[in-house]
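Residue numbers (my numbering), protein chains in the order written: chain F, 11 to 370; chain B, 11 to 370. What follows is a single structure, written as structure tokens, with notes after it.
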């Protein structure tokens with residue numbers, strides 16, 4: 011493998027294992043598996059899912075839906091409907107089964123007069139994350155939206171969709187389960203109130219922490235995890251995965267060694283990793299260094315981490331001995347703090363056997 | 011202007027005024043003006059500089075040098091030499107005047123045996139930022155590198171280059187000047203020690219804060235500011251500019267209104283703004299909202315700011331009255347915290363009269 015610039019490497023084996031594990035979990039709980047593709051954003055990696063039987067996906071923008079509509083026929087855009095993109099909505103709705111998220115009456119009124127083809131919609135419900143979504147006990151608003159939707163033959167109600175993004179504040183499996191169970195309770199109550207009128211409605215949830223560790227999916231019909239395909243340091247800190255399951259690493263050329271302050275400068279900055287960080291023992295961490303192995307990477311190297319990032323520079327905090335074992339022109343392998351953002355920042359991905367995986 | 015997705019708008023007039031102001035400053039101090047193009051990364055904006063007389067530029071990667079080598083013949087790569095990119099170095103050195111940064115003996119030894127065409131180099135000196143560069147009093151290392159360089163007819167020493175990135179910790183003009191003057195002193199001392207042997211050597215400095223506010227450039231031959239072309243909220247906080255000089259704003263569609271918690275959700279997240287933030291009165295700020303005007307934008311709207319970003323969502327903290335004056339399908343104009351990173355995250359830029367400016 012020839013590394014000359016910051017390169018995001020994908021361990022295909024680990025990645026496929028992550029997919030299989032989550033797929034089996036969905037099957038064992040009789041859940042529809044609709045993985046979120048915003049993490050990898052790659053048609054090629056999409057094919058790995060397809061080969062294993064996935065036929066429904068989630069994305070986070072209409073732009074991403076357009077990209078994946080080349081090969082996927084059933085796509086949910088898990089982002090509040092942006093009425094300014096009505097042209098794209100109509101084009102996609104003509105081509106594929108398009109499912110959108112609605113959380114206000116204005117959007118449904120707009121769709122009613124502007125839609126040219128059939129679409130499905132989820133009502134986006136706030137299940138505790140408080141980023142967006144309808145308050146789950148606001149039956150008045152829910153009923154108004156549903157009533158408005160019924161007036162159009164092109165708008166079909168699918169069910170309730172929630173995202174328990176607050177599980178990211180957890181630091182162990184117990185905390186994840188606590189938040190997950192609280193979210194499920196909200197969703198079950200909603201379902202109970204509306205299932206009579208809409209007997210086919212489904213409940214869709216599924217952040218990566220919950221889907222990775224929970225064993226209770228009572229009342230849930232569909233899961234939409236995304237990050238699990240690669241995992242990252244944040245998921246590891248939360249308690250979602252083992253570090254050995256992280257399936258991406260950034261290879262970064264060493265360009266300067268500073269023995270005096272025990273730092274290495276690599277080519278690999280905020281425009282490659284993104285500026286997402288985590289805090290550990292009061293230290294900001296932008297990545298951690300793993301051992302290079304013949305066919306990929308191994309364990310974390312204790313105490314060696316990315317302490318700061320500027321546009322193109324990454325500053326590695328390390329030891330004198332670590333510096334002595336490296337030279338200008340070597341490269342380090344670094345696990346990202348947030349794989350979704352690092353993938354988005356990069357133009358493509360490279361497998362360990364040198365296959366270039368194009369992405370959006 | 012039709013906005014349907016997050017769109018980075020450039021106020022061409024403000025941008026050209028920023029360029030003119032800095033150009034005049036360089037002229038009045040008899041400094042070589044070598045602006046850093048990592049901020050805009052656009053051949054079209056490069057033309058605005060060229061029309062005003064600029065003929066030398068700075069970039070932060072060889073990739074960027076390749077892109078700009080289409081129209082520029084004298085390019086400095088202000089990043090420690092990455093020997094793994096020797097092929098690109100040779101291709102560029104054949105085509106243009108390529109100036110690289112050296113800070114260790116290994117890189118110069120590598121160049122000595124691998125170069126096919128003439129290049130110039132700066133010695134990268136640490137002038138207080140402590141990100142990278144040679145300790146400015148390490149004459150032994152400097153002499154060893156220069157001695158090694160002399161052995162090759164293809165390697166030409168240009169002078170000393172420093173970046174006072176620590177001025178970004180300033181919060182007013184006085185603090186900026188203090189750090190700037192400290193950096194200049196280091197550079198003047200260096201120059202004094204080496205000018206006899208290298209009478210043509212130059213000193214190159216020039217972060218945006220220093221170049222914006224300083225009036226003392228004693229001993230400096232060249233400046234390389236970059237961010238000033240657009241400025242941003244960070245520069246404003248530092249004291250480099252007036253808010254009215256910020257020449258970029260992100261237009262973001264409103265997709266949800268939450269009156270209960272006085273928040274608006276826009277389409278515009280970490281993949282558009284980057285995750286760079288600033289802290290003001292103990293609050294994280296990822297952007298600030300400005301008044302929309304017929305031909306661009308006006309003043310900041312007090313107290314209305316981006317409080318968090320996820321991949322595609324931006325959460326605006328605002329007031330009930332602000333929400334009452336907006337609806338789904340409107341868009342907000344948001345000044346970025348760090349324009350270099352926001353520009354890098356976007357695929358192109360749009361002028362206020364609708365010209366699309368392509369970029370790297």
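The beta-carbon is built from N, C-alpha and C at its ideal position, and this holds for glycine as well.
- Per DSSP, reduced to three states, the secondary structure at residue 203 of chain B is helical.
- Per the DSSP secondary-structure output, residue 360 of chain B pairs in a beta bridge with B:19, B:366.
- The C-beta distance from residue 260 of chain B to residue 18 of chain B rounds to 5 Å, short enough to fall under 8 Å.
- Residue state for residue 342 of chain F is assigned as strand, using DSSP reduced to three classes.
- Bridge partners of residue 217 of chain F according to DSSP: none are assigned.
- Bridge partners of residue 144 of chain B according to DSSP: B:135.
- Residue 281 of chain F has its alpha-carbon roughly 35 Å from the corresponding atom of residue 63 of chain F.
- Contiguous beta strand (DSSP E) elements confined to the region 75–109 of chain B occur at 84–90, taking only those with 3 or more residues.
- Note on geometry: alpha-carbon atoms of residue 193 of chain F and residue 181 of chain B lie some 44 Å from one another.
- With respect to residue 244 of chain F, residue 347 of chain F sits close: the two C-beta atoms are nearer than 7 Å.
- From the beta-carbon of residue 90 of chain F, the residues of chain B found nearer than 9 Å are 265, 266, 275, 277, 323, 338.
- Within the same chain, 227 come within 6 Å of residue 39 of chain F by CB-CB distance, once the 5 residues on both sides are set aside.
- Going by C-alpha positions, residue 46 of chain F is about 9 Å away from residue 87 of chain F.
- Cβ neighbours of residue 265 of chain B within its own chain (closer than 6 Å, five residues either side excluded): 275, 277.
- Across the structure, residue 111 of chain B and residue 187 of chain F are spaced so that their CA atoms are roughly 52 Å apart.
- In the DSSP annotation of this structure, the continuous segment of the beta strand (DSSP E) that includes residue 262 of chain F starts and ends at 258–268.
- Among the CB atoms of chain B, none fall inside 7 Å of the CB of residue 344 of chain F.
- Residue 335 of chain F counts as exposed, since fewer than 16 other C-beta atoms from the protein chains shown sit within 10 angstroms of its C-beta.
- From the beta-carbon of residue 116 of chain F, the residues of chain B found nearer than 8 Å are 337, 338, 339.
- By the neighbour-count definition (other C-beta atoms within 10 Å, threshold 16), residue 104 of chain B is an exposed residue.
- For residue 353 of chain F, the enclosing alpha helix (DSSP H) has its first and last residue at 349–355.
- Its Cα nearest to that of residue 174 of chain B, the residue B:134 stands out among B:205, B:287, B:134, B:59.
- Interface criterion not met: the Cβ of residue 247 of chain B is under 7 Å from no Cβ in chain F.
- Comparing C-alpha distances from residue 169 of chain B to each of B:190, B:74, B:201 shows the shortest one belongs to B:201.
- The residue among F:179, F:171, F:183, F:208 with its C-alpha nearest the C-alpha of residue 214 of chain F is F:171.
- Here residue 191 of chain B is exposed, its C-beta having fewer than 16 other C-beta atoms within 10 Å.
- Pairing residue 75 of chain B with residue 94 of chain B gives a Cβ-Cβ distance that is not under 7 Å.
- Under the three-state reduction of DSSP output, residue 46 of chain B falls in the strand class.
- The Cβ-Cβ distance between residue 21 of chain F and residue 360 of chain F does not fall below 7 Å.
- At the C-beta level, residue 370 of chain F and residue 51 of chain F come within 7 Å of one another.
- Interface annotation for the region 82–113 of chain F against chain B: 89, 90, 91, 92, 93, 94, 95, 96, 97, 98, 113, criterion Cβ-Cβ distance under 9 Å.
- Look at residue 281 of chain B: its C-beta is under 7 Å from a C-beta on chain F.
- Judged by DSSP secondary structure, residue 226 of chain B falls outside any beta strand (DSSP E); it is assigned neither H nor E.
- Using a 10 angstroms sphere on the CB of residue 342 of chain B, the tally of other CB atoms reaches 16 or more, which defines it as buried.
- Flagged as an interface residue toward chain F: residue 285 of chain B, by a C-beta distance shorter than 7 Å.
- Using a Cβ distance threshold of 7 Å, residue 307 of chain B and residue 316 of chain B do not count as a contacting pair.
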